[in-house]
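Since the structure comes first, as structure tokens, the remarks are kept for the end.
Residue numbers (the working numbering): 3 to 314.
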């Protein structure tokens with residue numbers, strides 16, 4: 003949702019003047035507020051990366067970052083990080099160590115322990131899960147994308163079965179105040195394995211999308227690491243987070259979270275093809291199929307747990 007400009011050791015982010023049901027950057031005032039919120043929220047996990055918010059100013063000589071003149075927009079200023087330390091690059095080059103992951107676990111554990119805990123109504127949350135599943139199917143079953151309809155339906159049925167049979171698990175998580183104002187987009191490309199772990203680019207524009215179970219976020223990270231060829235990372239981080247949070251949720255809950263996230267990522271992948279001039283259109287169906295394969299495997303495992311006597 004931003005234009006990103008790389009300038010030496012700094013990064014400048016300019017909000018696009020867009021409006022969607024889940025965000026509104028349509029006015030200068032709204033973009034300024036969104037920049038300030040991005041700064042505030044991302045300083046939770048990367049305080050020395052997010053440097054400030056500055057005006058983009060029109061002068062007689064042209065545009066200037068800061069200075070005298072009329073403010074025509076606002077920019078988030080970040081310290082530029084070396085790409086080689088990003089988790090996705092480290093996975094690709096087989097450079098991820100358990101000591102790095104231990105630091106990540108410590109950082110996330112501290113973050114989740116101290117995160118705000120928004121009030122969540124269980125019935126509304128479950129209804130939203132069902133709506134999300136319907137939205138996924140609406141896009142994934144579009145014949146223009148030629149995705150495996152049988153697999154999509156199987157993933158849908160398994161998720162709905164979990165919500166019908168195990169709604170009590172979700173209700174208990176909410177009653178125990180496990181739900182937090184989290185990161186919202188915990189992917190490998192947002193995690194930097196520096197000495198002090200940096201996690202950037204949280205979903206600043208919509209608190210509803212950041213209101214999550216920590217294990218939902220870990221499930222998301224887990225499936226993304228698996229897609230990149232390193233499933234062991236998700237397993238290691240999940241065990242570590244369970245240990246530091248003293249929280250070991252049911253296996254079917256984690257499988258549901260993974261399955262749901264993978265289906266959502268498949269939907270978002272092919273949704274790029276609905277844009278007027280999508281970039282790299284050949285990439286997105288392949289990406290969607292990769293996510294559906296993961297969701298399908300998790301759906302099989304989830305079915306097995308749901309139909310096992312005692313549920314575990």
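Glycine included, C-beta positions come from ideal geometry on N, C-alpha and C.
Keep in mind it's a predicted model, so treat the numbers as computed, not measured.
Note that the C-beta distance between residue 221 and residue 256 is below 8 angstroms. DSSP lists 13 as the bridge partner or partners of residue 8. The shortest CA-to-CA distance from residue 297 to any of 142, 260, 46, 91 is the one to 260. When beta bridges are read from the DSSP output, residue 76 appears opposite 57. For residue 113, the secondary structure class from DSSP, reduced to helix, strand or coil, is helix. Counting C-beta pairs with one atom in each stretch, the stretch 207-221 and the stretch 46-60 have fewer than three that are closer than 8 angstroms, which means they do not touch. In the same chain as residue 274, and ignoring 5 residues on each side of it, the C-beta atoms closer than 6 angstroms to its own belong to 280, 286, in chain order. A check of alpha carbon separations from residue 167 across 102, 9, 308 identifies 308 as the nearest. Here residue 290 is buried. Its C-beta has 16 or more other C-beta atoms within 10 Å.
Taken through DSSP and simplified to helix, strand or coil, residue 196 comes out as coil. Within the same chain, Cβ atoms closer than 6 angstroms to the Cβ of residue 54 are found at 79, the five residues on either side in sequence being excluded.
Per DSSP, the continuous alpha helix (DSSP H) segment holding residue 38 begins and ends at 30-44. Rounded to whole angstroms, the separation of the alpha carbons of residue 192 and residue 74 is 29 angstroms. Between residue 197 and residue 106, the alpha-carbon positions lie close to 10 angstroms from each other. Between the stretch 170-177 and the stretch 110-129, the count of C-beta pairs closer than 8 angstroms reaches three or more; the two stretches touch. Between residue 18 and residue 38, the C-beta spacing is not below 8 angstroms. In the assembly as shown, residue 262 is a buried residue. Its beta-carbon has 16 or more other beta-carbons within 10 Å. Between residue 264 and residue 230, the gap from beta carbon to beta carbon reaches 8 angstroms or more.
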